[in-house]
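Contents: one structure, followed by commentary.
Residue numbers (our numbering), protein chains in the order written: chain A, 1039 to 1589; chain B, 1039 to 1589.
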């Protein structure tokens, strides 16, 4: 008889028994005071058992391990093992990760890197393969992944589906390579900001099963009614939870889950991870049991992960312990029945990454002209931008009074040129910020006041071989990102501290909160309305390069 | 561009548009007034579309096609295509069928027969492979199916999993062939009446994902909390709905569905199918929307059937139309966008089936002895029996005053002997009833008053080559079951009429309602407490043959 079966029947002692806690049961959205027994990492049974180790959980609440339904680990700026150290502390035991950023920089070897680094940590890093590398046919980036390239990853235990299909026009046009990618997997995540009506129907018909890009309640409701799982996202700057939460009730909770998408190390360290989403949901009025349903079983079901999402026989013994469900402070996390005790920092491998950038001369980023200009308008707390039309005289840029600054994207891969646009919303009154994190192609992006500072900030990022920098004259704050120019090789505490120092420096220069996260999305050619690339201004809706000045 | 995609986008007309109805949306358990468009059998979109055909559904309510989560079609006594004609009228568009009965009689060719006949009807007959043929190691029956025999069916489009694993002792003992069968499929249905505590944990740990045998609310609640899908069963005699319904609320509805398991043609014709379950649930106080959730998306989800369960883009255009959701009378049924108009009766193929029975002489079914006897006690409305201990003098049997009659099981396959037991609850005051439907081995089973009538009834079933018979002296009512001795080759109307005539005749002799369904379970060696087989009395709990008289 298999050992687990014997343990389940109580014929042999379990490896461990956890007793006295109130266990959250997502099948009924209810609490149940029960002991449970674990053998070989799986729950074998609930009830009265004996085990080789006994854990007294009396007085605490036990919750199945939290699941992040969609995240780019790279966006934390942490290498995978450091990311894992940090989120495990917050009760997360599984993340569904899309290594889209490193794939855009390094191609398939970047995905291999994430899988290999993921295997070093007790956190389950399950991978949805990046569907759109490059994000659009106009982007060059560092790699191009066709269906055949993705097919090679099929059958790998950690690879569970196809990640956010951002190329909505391609799906709607019946693009064949995209179709071939979607046919590789049963589980296909969508990514369709603002899509609705017939085009939404067509996108779902083509196979997109979820969306994490909803920014309004009506949008989320339409997508849910049409059959999509709704991933309510709460990232560093993409914060949709409060607006979308009225969607969730007992009937819809099985179709909703939480995702962080892009959350910086400092936010993870100070606010938390999915536990933070749960707290925020409760603060917004959601019943804790529905928030926990979303964070556990609903997320597991979305991916057909029937081995987790609940503490039930045969499922992984992944759970966290809290002292008060509504306050939801995670005290301890267990992965496969073993307490996730922090083993400390171990230096990650750092993949070689292309960085063939030519730092522009100030004259190369000058703009000329006057009239109505296309200005990228940041939207606080959102990833979408507005296409602001402002009367601008190029000679008057930067225009501190109207907060119109220059945004520059420098080709990272081929020593090519730099594109220039205008942006409203950063608030900088002096200096410049720059970084090699720049979704999705991860060219070098900068925003600043004086051209000399912009150029110097770009130069600093290049000098570091990838990183983030704040520059004002000779005053420089920087964080090197040794791993592909996307992630730091440092311990998470240091990265969080560095990020805080960068943000603090930027704030002293006038910048808004989370300026580096907004910066990283300035070149993101798949989210409306307009962006800037190494070629210049890009209109996402028209899907074409456009001139800075109209007419 | 694929035609469906073009239709979804509204660039080409759909095949059909259904307009004006209130459509039930199981993702939100809500009604939505919307048109929807269908192309190539699938919903392409909801909203304002144009189609080659237009259906005006204004004033009606549209519900995704109903799903029976667990049924033995053989138990209707109808061949598959006739069964389909009948249930399609009641809004059912998918049944998850376990061809367990015919597999016990005919082996793998019986499964092939059901697949082939199922392909003749628009109803989707999806097959869960019978896991326990024979039901126990002590049963002989007509076939033995090992894991290797089942493996040959893997990959067939209609084959979706492993059906009710009834051999609970085998599972708990770690039986290797059973383990091999369970490892063949992702989806494994359970069957564990009264199992609880550690043994239930172990059974679920081993992989059983559902149960349709709950008879008490506490039992169903425990199983649901441990992760099983609960199939609330409402068959001809196994009626668990009213007792189990308090389990269902908005949180648990995604984990509950309806099943009929064993429902005779006459009940299907007069009361209905899953529509009847829905009506009964509403009559018991369940919100119609939760009942519909169970009957559609929950059932589809249980089997990972993401192509149905809702009217949403990319899913099958299976639905029924009702005039009033609470009354829930099905007016029309559509399968893959086409109205299921009754095409009339077509004679089914009739598989050759073994029938090598030796009709016993009256002296062979005499019993001797006196003292405390094991009497099988029927439980009205349930499939379980009670182990009644009654003082009996064999010379005083039949004992009409105490309703203690003789139950006889005659070997059908090898011309072997007959086993005799005693039964309480049939109510017969004269005559006998017999049939070749006798779960799970389908030997010939009879209950009656005078031994001569019992023998004559068995003889009539043998003469018919399988069937059901009521006998009192020279008065005989019979229904031949040409298809393997399990199903009739007649049109469903005639089968329903014949069944009614049989039951009416039995009733005139004193029998309870649905006497033939109770009769068919008398030899069922996998449901407690006690049964009768061709070997004599069988104690299910002890899993052994026992003597009629104790001590």
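Ideal Cβ placement from N, Cα and C applies to all residues, glycine included. The model shown is predicted, which means the values in this text are computed figures rather than measured ones.
- Taking the beta carbon of residue 1334 of chain B as reference, no residue of chain A falls within 8 Å; the closest one sits roughly 12 Å away.
- Nearest in C-alpha terms to residue 1466 of chain A, of all of A:1522, A:1438, A:1538, is A:1438.
- Under the DSSP assignment, residue 1047 of chain A falls in the alpha helix (DSSP H) whose first and last residues are 1041–1047.
- Taking a cut-off of 8 Å on C-beta distances, the stretch 1089–1097 of chain A does not touch the stretch 1280–1293 of chain A, as fewer than three cross pairs fall below it.
- In terms of Cβ geometry, residue 1447 of chain B and residue 1483 of chain B form a close pair [threshold 8 Å].
- Boundaries for residue 1144 of chain B: no beta strand (DSSP E) harbours it, while the alpha helix (DSSP H) harbouring it runs 1138–1144, taken from the DSSP string.
- The distance from the Cβ of residue 1462 of chain B to that of residue 1562 of chain B is about 17 Å, inconsistent with a contact at the 8 Å cut-off.
- The beta carbon of residue 1316 of chain B sits no closer than 8 Å to any beta carbon of chain A.
- With a 10 Å radius around the Cβ and a threshold of 16 neighbouring Cβ atoms, residue 1400 of chain A comes out exposed.
- The residue from B:1297, B:1434, B:1206 with its alpha-carbon nearest to that of residue 1231 of chain B is B:1206.
- Shown here, residue 1315 of chain A sits in a helix according to DSSP, grouped into three states.
- Burial is judged here by how many other beta carbons sit within 10 angstroms of a residue's own beta carbon; residue 1254 of chain B has fewer than 16 and is exposed.
- In its chain, beyond the 5 residues on either side, 1142, 1143, 1144, 1145, 1391, 1392, 1450, 1451, 1479, 1480 have a beta carbon closer than 8 Å to the beta carbon of residue 1180 of chain A.
- For the pair residue 1201 of chain B and residue 1389 of chain B, the CB atoms are not nearer than the 8 Å cut-off.
- Across the stretch 1050–1078 of chain A, CB contacts with chain B closer than 8 Å involve 1063, 1065, 1066, 1067, 1068, 1070, in sequence order along the chain.
- Interface annotation for the stretch 1110–1132 of chain A against chain B: empty, criterion Cβ-Cβ distance under 8 Å.
- Below the 7 Å Cβ cutoff, chain A contributes 1046, 1047, 1048, 1083, 1085 as neighbours of residue 1236 of chain B, in chain order.
- Chain B places a beta carbon closer than 8 Å to that of residue 1262 of chain A, counting this residue as a contact.
- Pairing residue 1576 of chain B with residue 1409 of chain B gives a Cβ-Cβ distance that is not under 8 Å.
- According to the DSSP assignment, residue 1507 of chain B belongs to the beta strand (DSSP E) that extends over 1505–1510.
- Between the C-alpha atoms of residue 1075 of chain A and residue 1257 of chain B there is a straight-line separation of about 21 Å.
- Chain-ordered, the chain A residues with CB closer than 7 Å to the CB of residue 1210 of chain B read 1047.
- When Cβ pairs closer than 8 Å are counted between the two stretches, the stretch 1550–1558 of chain B is seen to touch the stretch 1533–1542 of chain B, the count reaching three or more.
- Between residue 1136 of chain B and the set B:1049, B:1418, B:1203, B:1475, the nearest pair of CA atoms involves B:1203.
- In this structure, residue 1085 of chain A and residue 1235 of chain B form a Cβ contact; the two beta carbons are roughly 6 Å apart against a cut-off of 8 Å.
- Within the stretch 1282–1310 of chain A, contact with chain B at the beta-carbon level (separation under 7 Å) is assigned to 1288, 1289, 1290, 1292, 1293.
- Closest option to residue 1149 of chain B, judged by alpha-carbon separation, among B:1572, B:1165, B:1226: B:1165.
- Between residue 1532 of chain B and residue 1242 of chain A, the alpha-carbon positions lie close to 45 Å from each other.
- Chain A has no Cβ within less than 8 Å of the Cβ of residue 1151 of chain B.
- Comparing alpha-carbon positions, the option among A:1176, A:1088, A:1162 lying closest to residue 1581 of chain A turns out to be A:1176.
- Contact between residue 1307 of chain B and residue 1124 of chain B holds, since their C-beta atoms are separated by about 6 Å, short of 8 Å.
- Spanning the alpha carbons of residue 1583 of chain A and residue 1381 of chain A requires a straight line of approximately 49 Å.
- Pairwise C-beta distances place the stretch 1212–1225 of chain B in contact with the stretch 1185–1192 of chain B, as three or more of them are shorter than 8 Å.
- Setting aside the 5 residues that flank it on each side, residue 1055 of chain B is surrounded in the same chain by 1073, 1074, 1075, 1076, 1087, 1088, 1089, 1091, 1092, 1093, each with a C-beta closer than 8 Å to its C-beta; the list follows chain order.
- One finds 1212 in chain A with Cβ atoms closer than 7 Å to the Cβ of residue 1040 of chain B, taken in chain order.
- If one requires a minimum length of 3 residues, the beta strand (DSSP E) runs lying completely within the stretch 1309–1369 of chain A are 1357–1360, in chain order.
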